[in-house]
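Numbering (the numbering used here), first residue to last: 57 to 315. We put the beta carbon where it would ideally sit given N, CA and C, even for glycine. First comes the structure, then the notes that go with it.
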Ligand code: OOG
Ligand code: MG
């Protein structure tokens, strides 16, 4: 039985000291995915005790592009707090992060609480107030973004920051699987995708999250933000970068990092 508090301490220290660590499974090969979700919960409890508030949840590794890059082929689930949310046009301070990357995502804001086990994509759409474009900044606490499934779960799925677009559209006006996105780094288009890249439909990805939480006695709460997973591979966000995601029908979301 692994001492989970020790793992929580290591991950918290990696983040606060900006000192990436080796994957936990290098020295705890028996760490289970369930234990990793326990570590993730304890990390969030620490944030809450510091005054942060949970404002949503995220699904990751929902697209082939992400799964292939990270070498993990099942979706993973993490927490979002108010301290992670960037206000529009707020420059991102990269010097407090380790090695941030940014990825475009479709986000839902819920009007109703959703909890599995049998939530479908339709249930998600019925419980959604509006949909918007988003950018997630991920920042693995592991060296070189190298991890196995339990590692990335324990690390709250690399969550670091996120930004939501200003254009908010009710889901019934959109065909979310067909909705295209262009990702630009500076003036260069670096990737493109459509909503179907995440488990066939972004609402299906959110349904997986509701079912995961239901199995653990939790729920997606009314008012929360749900990030449904990187549609494309993530791009490294060096100091002084400008990354823009332009979504069909949902406008543009940009992140500028400070020099
Ligand atoms: C894990 C987090 C994945 C996504 O949207 O696929 C994720 C990582 O890539 O470090 O947030
Ligand atoms: Mg993501």
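DSSP has residue i in a bridge; who is on the other side?
{"i": "residue 160", "result": "191"}
{"i": "residue 236", "result": "250"}
{"i": "residue 137", "result": "110"}
{"i": "residue 186", "result": "165"}
{"i": "residue 198", "result": "77"}
{"i": "residue 302", "result": "238, 308"}
{"i": "residue 244", "result": "241"}
{"i": "residue 132", "result": "116"}
Should residue i go down as buried or exposed, given a rule of 16 or more other Cβ atoms within 10 Å for buried?
{"i": "residue 184", "result": "buried"}
{"i": "residue 207", "result": "buried"}
{"i": "residue 242", "result": "exposed"}
{"i": "residue 124", "result": "exposed"}
{"i": "residue 296", "result": "exposed"}
{"i": "residue 336", "result": "Because the chain spans 57 through 315 in this model, residue 336 falls outside it and cannot be assessed."}
{"i": "residue 144", "result": "exposed"}
{"i": "residue 273", "result": "exposed"}
{"i": "residue 197", "result": "buried"}
{"i": "residue 105", "result": "exposed"}
{"i": "residue 72", "result": "exposed"}
{"i": "residue 300", "result": "buried"}
{"i": "residue 91", "result": "buried"}
{"i": "residue 267", "result": "buried"}
{"i": "residue 70", "result": "buried"}
{"i": "residue 173", "result": "exposed"}
{"i": "residue 257", "result": "buried"}
{"i": "residue 278", "result": "exposed"}
So, at 8 angstroms on beta carbons, what are the nonlocal neighbours of residue i in its own chain, with the 5 sequence-adjacent residues on each side left out?
{"i": "residue 126", "result": "117, 201, 203, 208"}
{"i": "residue 294", "result": "150, 313"}
{"i": "residue 102", "result": "64, 68"}
{"i": "residue 61", "result": "98"}
{"i": "residue 152", "result": "74"}
{"i": "residue 178", "result": "259"}
Could you round the C-beta distance between residue i and residue j to whole angstroms and report it? I think they count as a contact, below 8 angstroms.
{"i": "residue 181", "j": "residue 227", "result": "5 angstroms"}
{"i": "residue 251", "j": "residue 233", "result": "5 angstroms"}
{"i": "residue 191", "j": "residue 160", "result": "6 angstroms"}
{"i": "residue 264", "j": "residue 85", "result": "At roughly 27 angstroms, the Cβ-Cβ gap does not stay under 8 angstroms, so residue 264 and residue 85 are not in contact."}
{"i": "residue 276", "j": "residue 176", "result": "14 angstroms between Cβ atoms; not a contact."}
{"i": "residue 282", "j": "residue 163", "result": "7 angstroms"}
{"i": "residue 269", "j": "residue 171", "result": "6 angstroms"}
{"i": "residue 306", "j": "residue 115", "result": "No, residue 306 and residue 115 are not in contact; Cβ-Cβ is about 18 angstroms, not under 8 angstroms."}
{"i": "residue 154", "j": "residue 195", "result": "5 angstroms"}
{"i": "residue 112", "j": "residue 280", "result": "4 angstroms"}
{"i": "residue 309", "j": "residue 219", "result": "6 angstroms"}
What residues in its chain sit with their C-beta under 7 angstroms from that of residue i, if we drop five residues either side in the sequence?
{"i": "residue 87", "result": "58, 80, 81, 206"}
{"i": "residue 140", "result": "215, 216, 217, 218"}
Once you ignore the five residues that flank residue i on each side, which residues in its own chain have a CB closer than 6 angstroms to its CB?
{"i": "residue 64", "result": "95, 98, 99"}
{"i": "residue 253", "result": "119, 287"}
{"i": "residue 303", "result": "189, 237"}
{"i": "residue 246", "result": "239, 291"}
{"i": "residue 129", "result": "123"}
{"i": "residue 262", "result": "164, 180, 282, 284"}
- prompt: Is there contact between the region 214-228 and the region 133-150, where contact requires at least three CB pairs shorter than 8 angstroms?
  reply: Of all C-beta pairs linking the region 214-228 to the region 133-150, three or more are shorter than 8 angstroms, placing the two stretches in contact.
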